[in-house]
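Under my numbering, the sequence shown has 105 at position 105, and the numbering climbs by one with no breaks.
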Amino acid sequence: MSEFETIIGLEVHVELLTDTKLFCGCSTAFGAEPNTQVCPMCLGLPGGTQPLLNKKAVEFTIKAAQALNCEIAPKVAFDRKNYFYADLPQGFQISQFFHPLGRNGYIEFRVDGKIKRVGIHQVHLEEDTGKLFHLGDDIMSSPFSQVDFNRAGVPLMEIVSEPDIRTAEEARLYLQKLRSIIRYLDISDCKMEEGSMRCDANISIRPKGSSQFGEKTELKNMNSFRSVYRGIAYEEERQRHAVLVGESILPETRHWDEAGGVTHAMRSKHVSAGYRCFPDPNIPPYSLAREWILEIKSTIPELPDARYQRFIAEDDLADSAAEILSGSKELADFYDAVLAFHNDPKMVSNWITSELLGHLNAAGQDITESKIKPEALGKLLQSMEKGEISGKIGKAVFEEMFNTGKDPATIIKEKGFTQISDEDTLHELISSVLEANPKSIEDYHSGKKRAMGFLVGQIMKETKGQANPQLVSELLLERLKELK
């Protein structure tokens, strides 16, 4: 199917971490009983109070737009998008249709070792809608629905990409990088499973080499990176097959069915009413002071790309390790914190990316749920470097730390894991092993160097990994020379 090129643009909605809603004082806390965090304003009741703009939401949106390399608008203005839907209590949505806070930005990420740049068309602020609960197997078969308006009015930042994405994998990587940047800014938790980050995709295909866009469909209900990848991959293949058999692509909104792995038509875009946008008469435009914009910019922390470069330039980490660590603010912070207790970047990186992430993935956890704290991991690595415990014992101690959260020194003492470095004790062990393995002595002296490794292994086995392996090797080599 290489005769077609896929064109993808993403619209990402992110709920902001403000304590109150965009235009009223209702709480934004997740998980409250349905319809308990509402007021006349966010319910759109007649005679409700006038909207009062949440300054923190504006600040967060400007911060995100700056981090995404956008031009910042000179003013804040809001409009009414008029359309009827069951989860929109006012009958219109307050959004930024004419004057988005950010325009003409970009985001970069790595695809197959190369840098891919995707343009950001705009970043704007709007109020979220309520949430529908479909009482059936899915939205297509539900006999009726219920609505919770707790989410109505929550500050929602929308990030609209240019149609620069070409594959489902690029879409997934774009979304992961965007999530990483937003979490670095600490303006949203971006939990897709809780709906605080949601993604819609516009997808079309065209003959390779063509500069004209094909008819597009909008794909909704993708609530994980896996869903985004699978939904887009299915839809582009569906469109390719349709064109090849002579069918037309209809401009429509489609629903991604995660369980079935297919998309379903929801509504035609031919019959969708226009939004009939006009400036909201209750919210006056506000000029943005340049000093405030610069102040916001000064609070932007070290972002993923800068951290990635620092890890390579200053810590001499491999590209793969630097990319893994910098991809998550929490993981990068953890790495930096461990270095404060054990300043060996490569050793720290290896233990985090292999042992710690391996255990977390197996347990279905992320770094924020780890019982192992940076100081404890640093102490463990110090114990190994000082020769107090071997690497093998270190992994056993790590396992116990991961399960219990105990301090490594406590575990070493409780389990009797202290490394054996007493030379008299090791001499006795070496004599015992040599006496039991005369053939290995002959093999070593005849040039079979693997015999040395075998003998060291036998000593480590006798001590259950607690013998100091470096000292064992030195003492064993001396003894073998004596026996020649």
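From the three backbone atoms N, C-alpha and C, an ideal C-beta is built for every residue, glycine too. Computed from a predicted model, the values in this text were never measured in an experiment.
Where does residue i sit, in a helix, a strand or coil, going by DSSP?
| i | result |
| --- | --- |
| Gly453 | helix |
| Asn104 | strand |
| Pro438 | helix |
| Gln93 | strand |
| Ser552 | Because the chain in this structure spans residues 1 to 484, residue 552 falls outside the shown range and cannot be described. |
| Ser325 | Checking the displayed sequence, the identity of residue 325 turns out to be Leu instead of Ser. Helix. |
| Val433 | helix |
| Arg479 | helix |
| Asp316 | coil |
| Ile459 | helix |
| His264 | strand |
| Leu219 | strand |
| Tyr286 | strand |
| Thr418 | coil |
| Glu33 | coil |
| Glu423 | helix |
| Ser27 | strand |
| Pro469 | helix |
| Glu247 | coil |
My assumption, with CB atoms under 8 Å, is that residue i sits in contact with residue j. Please give the rounded CB distance.
| i | j | result |
| --- | --- | --- |
| Ile107 | Leu43 | Between Leu43 and Ile107 the Cβ distance is about 36 Å, and since that is not below 8 Å, they are no contact. |
| Leu101 | Ala65 | 6 Å |
| Ser227 | Val14 | 17 Å between Cβ atoms; not a contact. |
| Leu381 | Trp351 | 7 Å |
| Val160 | Glu11 | 5 Å |
| Ile94 | Phe78 | 5 Å |
| Val147 | Ala86 | 6 Å |
| His255 | Lys220 | 6 Å |
| Met222 | Ala242 | Not really, about 21 Å apart at Cβ, beyond 8 Å. |
| Arg206 | Phe4 | 7 Å |
Can you give me the start and stop residues for the beta strand (DSSP E) that residue i sits inside?
| i | result |
| --- | --- |
| Arg117 | 114-127 |
| Leu10 | 4-15 |
| Phe133 | 131-134 |
| His255 | 252-257 |
| Lys81 | 79-82 |
List the endpoints of the continuous alpha helix (DSSP H) containing residue i.
| i | result |
| --- | --- |
| Trp292 | 290-298 |
| Phe334 | 329-339 |
| Asp305 | 304-313 |
| Glu235 | 225-244 |
| Glu59 | 55-67 |
| Leu495 | The structure shown does not extend to residue 495, since the chain is modelled only from 1 through 484, so no value can be given for it. |
Can you give the Cα-Cα distance for residue i and residue j, rounded to whole angstroms?
| i | j | result |
| --- | --- | --- |
| Ile182 | Gln122 | 15 Å |
| Leu175 | Val118 | 11 Å |
| Thr299 | Glu71 | 17 Å |
| Ile7 | Ile203 | 6 Å |
| Gln470 | Ser320 | 30 Å |
| Met1 | Arg240 | Because the pLDDT of Met1 is 42, which lies under 50, any placement of that residue in the model is unreliable, and the question is left without a value. |
| Gly261 | Glu237 | 12 Å |
| Leu325 | Asn403 | 23 Å |
| Met266 | Glu252 | 7 Å |
| Leu485 | Ala73 | Lying outside 1 to 484, the shown extent of the chain, residue 485 is not represented and no answer is given. |
| Ser390 | Gln466 | 6 Å |
| Val348 | Leu475 | 30 Å |
| Asn82 | Cys277 | 6 Å |
| Pro143 | Leu132 | 13 Å |
| Glu388 | Gln419 | 5 Å |
| Pro345 | Asp315 | 6 Å |
| Pro89 | Asp128 | 11 Å |
| Gly274 | Gly246 | 30 Å |
| Glu158 | Leu125 | 6 Å |
| Phe60 | Thr28 | 15 Å |
| Arg310 | Arg179 | 20 Å |
| Ser328 | Pro304 | 8 Å |
| Phe417 | Arg103 | 59 Å |
| Glu423 | Leu480 | 16 Å |
| Tyr229 | Arg198 | 14 Å |
| Thr49 | Thr368 | 40 Å |
| Lys21 | Asp336 | 35 Å |
| Thr410 | Ala436 | 36 Å |
| Gly31 | Val456 | 58 Å |
| Leu426 | Val472 | 7 Å |
| Arg307 | Gly447 | 50 Å |
Taking 7 Å as the cut-off, does the CB of residue i come closer than this to any heavy atom belonging to the ligand ATP?
| i | result |
| --- | --- |
| Glu126 | Within the structure as shown, the ligand ATP is missing, as the structure has no ligands at all. |
Going along the chain, which unbroken runs of the alpha helix (DSSP H) with 4 or more residues stay wholly within the stretch 328-416? Segments of the alpha helix (DSSP H) lying fully in the stretch 328-416: 329-339, 345-350, 357-363, 374-385, 391-404, 408-415.
Starting from the N-terminal side, write out each stretch of the beta strand (DSSP E) that is 3 residues or longer and does not extend beyond the stretch 142-213. Within the stretch 142-213, the runs of beta strand (DSSP E) at least 3 residues long that lie entirely inside it are, in chain order, 145-148, 155-161, 197-207.
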